[in-house]
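See below for the structure under consideration.
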Amino acid sequence: MFERTRGEPPCRQYDSGEREYTIRQYRDGDRDELLSLYQTILDPGLSEAWFEWKYETNPYTDDVPVYVAEFDGRIVGAGGFWVLELHTGSRSTRVVQPCDAAVRPAHRRQGLFTEILGAGLERFDDDGFDLAFDFPNELSKATFEKYGWRPVERQETFFRVQQPGAMIGRQPTGPVSALLHGGARLLARGYLAAKSRRRSVADRLEVDVVRTDEIPAKTLATLYRRDVPDEFHVVRDETFYEWRFGNPQWEYATYVGRYDGSPVAAIVTGTRVENGAPVTRLTDVVPLVSNRARTAAFVPVLEAILEANDDAALVVAPSTAIPRSVLSEYGFQSNLTLPLSTVATPTVHGVCVLAADEEPGSDQWIVDEKSLSDPDSWRITFSEYDTG
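The sequence shown begins at 1 in the numbering used here and counts up one residue at a time.
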């Protein structure tokens, strides 16, 4: 799709003051050693199928956008870059999201993460990319800021806690722990039951919900195109849907709501086991634009998802795709408010302008009359995250 001619990726030497490293782009033959690094540092479940999906079959780039740090001929650090297509309002442009940063313990505090990130961003700048965005945690946020990243907002996420032990941790053992976890579970069930009893049935549409383990790319893309938001978001066309949900780390299902036989709303869920407990995400939601009819159509779709995932410890929803009023009615709570704020780990949505040259009088942080650092300028679901 986005073809370009590239020569042999350049190498550069980096002297940390203690050791000399080679920083370079991924090459054929690196996969086994790179996967060993990722499995050791990030997740032992990361597989060749995962790497192939995320980096080798990405339709928005024609190479493998991973950078590595070598020491004595051995890969000791790496960082990936996830290439996507972003809709800005009047056009679409390729953007990049840094991800999968890993450094072996013996080589930390040498500045390798900073060097790897810089090498990748420099390459994408040279290739004509305008923007990068990411969702770093507090540990990596300072490194991103060195390259001119601006925070957009702390990412708000909504949790429907069906097994509280998944949030409060599993370290304590013994009868006291069992009592605490069991009591919390009963309280959570009582809370969700009370919310169900108070739930309004007004504005309910007679929507038939069909669940499938497939990703109906054409249907989802049609629903997206029906009302494309003006805010920044990843383009959801057939190409995107055919690739994005091939991640083997998650099990995906699609719930399509049909009114009078025609699709009106859909949610793609992703489920996997985290810390020993099943977690279900509302990964993508279409259409992305909210109105009263759309909200009413999502109610039976959401109910079908909750019924099918009653055994999940957590059901997790993004902040902008489904109205807060609906999420509240179904027992979802924000990670930015008590009590979840005491146990949830927040991330920060950040954005970076890559273009090096700025015309006099222009503001590169304004695109299609919207500020890149304004939270209201973005419409994000979990589809924009590289993690699932």
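The C-beta atom is built at its ideal place from N, Cα and C for all residues, glycine as well.
CB-CB under 8 Å to residue i, same chain, minus the five flanking residues each way: which ones, in chain order?
i      : result
Glu238 : Ala217, Lys218 and Ala221
Ser16  : Gln110, Gly111 and Leu112
Glu33  : Arg74 and Ile75
Pro287 : Leu223, Tyr224, Arg226, Asp227, Ala265 and Arg294
Ile305 : Tyr255, Ile267, Thr269, Thr280, Leu282 and Val315
Val95  : Val83, Leu84, Glu85, Leu86, Phe129, Asp130, Leu131, Ala132 and Phe133
Thr345 : Asn137
Quick one: residues in its chain with C-beta nearer than 6 Å to the C-beta of residue i, no 5 flanking neighbours on either side, listed in chain order?
i      : result
Val210 : Val256
Ser319 : Glu156
Asp100 : Gly80
Leu180 : A caution first: Leu180 carries a pLDDT of 35, below 50, which makes its placement in the model unreliable, though a value can still be read off. Nothing listed; no residue qualifies.
Lys370 : Ser377
Asp213 : Ala253
Could you tell me the distance, in whole angstroms, from the CA atom of residue i to the CA atom of residue j?
i      : j      : result
Lys141 : Ser328 : 31 Å
Gly79  : Glu20  : 18 Å
Arg258 : Thr61  : 35 Å
Glu70  : His107 : 10 Å
Gly400 : Glu242 : Shown here, the chain extends from 1 to 388; a query on residue 400 therefore has no answer.
Pro10  : Asp30  : 16 Å
Thr393 : Arg150 : The chain is shown only over 1 to 388; residue 393 falls outside these bounds and no answer can be derived.
Val326 : Ala317 : 11 Å
Glu56  : Ser47  : 13 Å
Phe240 : Val234 : 9 Å
Thr40  : Trp50  : 15 Å
Thr22  : Leu42  : 22 Å
Ser290 : Leu314 : 25 Å
Gly261 : Asn309 : 25 Å
Tyr330 : Thr347 : 24 Å
Val273 : Thr342 : 22 Å
Glu18  : Arg24  : 19 Å
Arg104 : Glu52  : 23 Å
Ile215 : Asp72  : 45 Å
Asp127 : Asp363 : 21 Å
Glu307 : Leu340 : 23 Å
Gly165 : Glu303 : 23 Å
When the distance is taken between beta carbons, is residue j closer than 7 Å to residue i?
i      : j      : result
Gln395 : Asp134 : The structure shown does not extend to residue 395, since the chain is modelled only from 1 through 388, so no value can be given for it.
Phe332 : Phe129 : no
Ala297 : Val207 : yes
Ala119 : Tyr67  : yes
Lys64  : Tyr26  : For clarity, residue 64 is Val in the given sequence; the question names Lys instead. Closer than 7 Å, so yes.
Thr406 : Thr271 : Any property of residue 406 remains undetermined from this structure, which presents the chain solely from 1 to 388.
Ile267 : Val301 : yes
Thr88  : Phe245 : no
Phe368 : Ser92  : Per the sequence shown, residue 368 should be read as Asp rather than Phe. No.
Glu250 : Gly388 : The question names Glu, but residue 250 in the sequence shown is Trp. Cβ atoms of Trp250 and Gly388: closer than 7 Å.
Just mark residue i as buried or exposed, buried being the case when its beta carbon has 16 or more other beta carbons within 10 Å.
i      : result
Ala253 : buried
His13  : Note that residue 13 is Gln in the sequence shown here, rather than His. Classification for Gln13: exposed.
Asn335 : buried
Asn247 : buried
Asp366 : The sequence shown places Ile at residue 366, not Asp. Classification for Ile366: exposed.
Lys54  : buried
Glu408 : The structure shown does not extend to residue 408, since the chain spans only 1 to 388, so no value can be given for it.
Ser383 : buried
Leu117 : buried
Thr337 : exposed
Arg160 : buried
Gly77  : buried
Arg394 : In the structure displayed, the chain extends from 1 to 388; residue 394 sits before or after that span and is not available.
Arg123 : buried
Within the same chain, show all residues whose beta-carbon is closer than 7 Å to that of residue i, passing over the 5 residues directly before and after it, in chain order.
i      : result
Val152 : His349, Gly350, Val351, Ser373, Pro375 and Trp378
Tyr385 : Phe135
Val285 : Ile267, Ala321, Ile322 and Thr381
Asp311 : Pro278
Leu121 : Ala132, Tyr147 and Leu354
Heavy atom of the ligand ATP less than 6 Å from the Cβ of residue i, yes or no?
i      : result
Glu206 : Ligands in the displayed structure: none, and consequently the ligand ATP is not present.
Q: Would you be able to state if there are at least three C-beta pairs under 8 Å between the segment 82-96 and the segment 45-63?
A: yes
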